[in-house]
Amino acid sequence: MKLNEINENYINLLKSSLLNELYIENEAKIVLAVHSIIGNLKLEPSSFLGVKERESALINLLKDNKSSGNTLKLNSKLPDGTFLAVPEARNLTELSHTMIGRKRLDNIQFAIETIIHEDIPGDLIETGIWRGGACIFMKGCLLAFGDNTRTIWAADSFQGVPEPTWEQDAGFDISENVLPILTVSIEEVKELFGRYQLLDDRVKFIEGWFRDTLPNAPIEKLSLLRLDGDLYESTMDALIPLYDKVVKGGFIIVDDYHSCPPCKKAITDFMAQNNIQIPLITVDGHAVYWRKN
Ligand SMILES: C[S@@+](CC[C@H](N)C(=O)[O-])C[C@H]1O[C@@H](n2cnc3c(N)ncnc32)[C@H](O)[C@@H]1O
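All letters in the sequence shown, in the order written, are residues 103 to 395 by this note's numbering.
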């Protein structure tokens, strides 16, 4: 189905807004402030003037990250000239409403266009929603395509990623103690949906750990299953109860395949255990997808 110009424009604006591309100079100012606090560097009020020209390298880096969905890494230059790597700066500088980047938003748009064009039945789910940006985008796409029959299911603990307890997740701790940025309350997500005017009774939240909620979730059919729980445990706990609900031609998108080794292992194991021999299609440096045949 071909979108008219206004709807095409709406979808593009939605992407820019979710990625905080529209106010990128302001994001650069916050990054500069965080960088200076962490590196104990002096910041003058004038440092915030003319940011677009003076900090074009930082702005270009932010733009690249918004396209690729890569995480901003800060290297603070210390007064003695050495550099201090600050991986946890992500807790302070992750400002967009989705962390998945533009290429993965394009991939969601492509999947929804295909589902509607080929009349593939079923709802859409993301398991691991954080601030809800990818689900907000799915809902906006349905609106632009004039589909008001499908439900968006948004599943999350709303307490961040669990501490690694499975052997396959050993050493991969991104729980609340390490990355508190990953904990977002359900109220906060609903409020964000409201800001985009996209919250209605066809958006349903599934709150709790996947292992407890997904096996009994009242979902009948899925045309899109988007996995974004990072861990082996979280990927398996979503795939096992939901894979059979994905209809023929439906999409399975794995957000963390290339970036989280435990997630990649879960996909490899699940495909082997279920004799799924479909080639994975790479979306960007992080995600892959396949369609159920
Ligand atoms: C990387 S973030 C998701 C990013 C999001 N898709 C976006 O658009 O920006 C991972 C999310 O998965 C959730 N999560 C991870 N493992 C989980 C589990 N086993 N049960 C419930 N939620 C989980 C975390 O709470 C977090 O919100």
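Idealized CB from N, CA, C, for every residue including glycine.
### Query
Cβ of S287 versus every heavy atom of ligand 1: is any distance shorter than 7 angstroms?
By one-based count along the sequence shown, residue 287 stands at place 185. Flag unset: Cβ of S287 not near ligand 1.
### Query
Does the count of Cβ pairs from the stretch 196 to 204 and the stretch 311 to 325 closer than 8 angstroms reach three?
Counting Cβ pairs under 8 angstroms, fewer than three are found: no touch.
### Query
Tell me which same chain residues have a C-beta within less than 6 angstroms of the C-beta of K366, skipping the five on either side of it?
By one-based count along the sequence shown, residue 366 stands at place 264. Apart from the 5 residues on each side of it in sequence, K366 sits with its Cβ closer than 6 angstroms to the Cβ of Y359 in its chain, given in chain order.
### Message
Do E129 and L164 have their beta-carbon atoms positioned less than 8 angstroms apart in this structure?
### Response
Counting from one through the sequence shown, the residue named residue 164 turns up at place 62. Counting from one through the sequence shown, the residue named residue 129 turns up at place 27. Between L164 and E129, the C-beta spacing is below 8 angstroms.
### Query
By the 10 Å Cβ neighbour count, where 16 or more other Cβ atoms means buried, how is N209 classified, buried or exposed?
The residue you call residue 209 lines up with position 107 of the sequence shown. N209 is buried by the Cβ-count criterion.
### Message
By DSSP's criteria, D225 is part of a beta bridge. Which residues make up the other side?
### Response
For this step, residue 225 is matched to residue 123 along the sequence shown. Paired residue(s): L324.
### Query
Quick one: what's F353 bridged to in DSSP?
Position 251 of the sequence shown, counted from the first residue, corresponds to residue 353. Looking at the DSSP assignment, F353 forms a beta bridge with L326 and R393.
#### Entry: N-terminal and C-terminal residue of the alpha helix (DSSP H) that A213 is part of
Residue numbering aside, residue 213 sits at position 111 when the sequence shown is read from its first letter. If you look at A213, you'll find it in the alpha helix (DSSP H) that goes G203 to H219.
### Q299, buried or exposed, once every other Cβ within 10 Å from all chains shown has been counted against 16
Locating residue 299 in the sequence shown gives position 197, where the first residue counts as 1. Result: exposed.
### Query
How close, in whole Å, do the beta carbons of Q339 and A389 come, if the pair is a contact with beta carbons under 8 angstroms?
Within the sequence shown, the letter at position 237 stands for residue 339. Within the sequence shown, the letter at position 287 stands for residue 389. The sequence shown places Asp at residue 339, not Gln. No, D339 and A389 are not in contact; Cβ-Cβ is about 19 angstroms, not under 8 angstroms.
### Message
Measuring straight from C-alpha to C-alpha, what distance separates F312 and P266?
### Response
Numbered from 1 along the sequence shown, position 210 holds the residue referred to as residue 312. Numbered from 1 along the sequence shown, position 164 holds the residue referred to as residue 266. Whole-angstrom Cα-Cα distance: 14 angstroms.
### Message
From the DSSP secondary-structure annotation, give me the bridge partner or partners of D399.
### Response
With the chain represented from 103 up to 395, any question about residue 399 goes unanswered, as that position is not in the structure.
### Query
For A256 versus V286, is the C-beta spacing smaller than 8 angstroms?
Taking the first residue of the sequence shown as 1, we reach residue 256 at position 154. Taking the first residue of the sequence shown as 1, we reach residue 286 at position 184. Contact flag unset, no.
### Query
How far does the alpha helix (DSSP H) with R297 in it reach, from first residue to last?
Along the sequence shown, one-based indexing puts residue 297 at 195. R297 -> alpha helix (DSSP H) spans I288 to R297.
### Message
Taking 7 angstroms as the cut-off, is the C-beta of V263 nearer than that to any heavy atom in ligand 1?
### Response
Here residue 263 refers to the residue found at position 161 when the sequence shown is read from its first residue. It does: the Cβ of V263 is within 7 angstroms (strictly closer) of some heavy atom of ligand 1.
### Task
Take I161 and list the residues in its own chain whose beta-carbon comes closer than 8 angstroms to its own, dropping the five residues that flank it on each side.
Along the sequence shown, read from residue 1 onward, the residue named residue 161 stands at position 59. Within the same chain, I161 has close Cβ partners I126, E127, A130, V153 and K154.
### Message
For a test of your reading of the model: does the CB of R233 fall under 7 angstroms from any non-hydrogen atom of ligand 1? Yes or no.
### Response
For the purposes of this step, residue 233 is taken as residue 131 along the sequence shown, with counting starting at 1. R233: yes, Cβ under 7 angstroms from ligand 1.
### Query
Helix, strand or coil: which one does DSSP assign to I380?
Position 278 of the sequence shown, counted from the start, is the residue given in the question as residue 380. I380: coil per DSSP, three-state reduction.
### Candidates P343, T384, G351 and G352, of which the one nearest F372 by Cα
For the purposes of this step, residue 372 is identified with residue 270 of the sequence shown, where counting begins at 1. Ranking P343, T384, G351 and G352 by Cα distance to F372 puts P343 first.
### Task
Provide the residue(s) that pair with V263 in DSSP beta bridges, ordered along the chain.
Translated into the one-based positions of the sequence shown, residue 263 becomes position 161. Beta-bridge analysis with DSSP links V263 to S277.
### Task
Mark T370 as exposed unless 16 or more other C-beta atoms lie within 10 angstroms of its C-beta, in which case mark it buried.
Here residue 370 corresponds to residue number 268 of the sequence shown, with the count starting at 1. It counts as exposed.
### Query
On the three-state DSSP scale, how would you describe V76?
What is shown of the chain runs 103 to 395, which leaves residue 76 out entirely.
#### Entry: When P320, R393 and E309 are compared against D258, the one with the closest alpha-carbon
Here the question's residue 258 lines up with position 156 in the sequence shown. Taking only the C-alpha atoms, the option nearest D258 is E309.
### Query
Cβ of T200 within 7 angstroms of any heavy atom in ligand 1?
Within the sequence shown, the letter at position 98 stands for residue 200. For T200, the distance from the CB to the nearest heavy atom of ligand 1 is below 7 angstroms.
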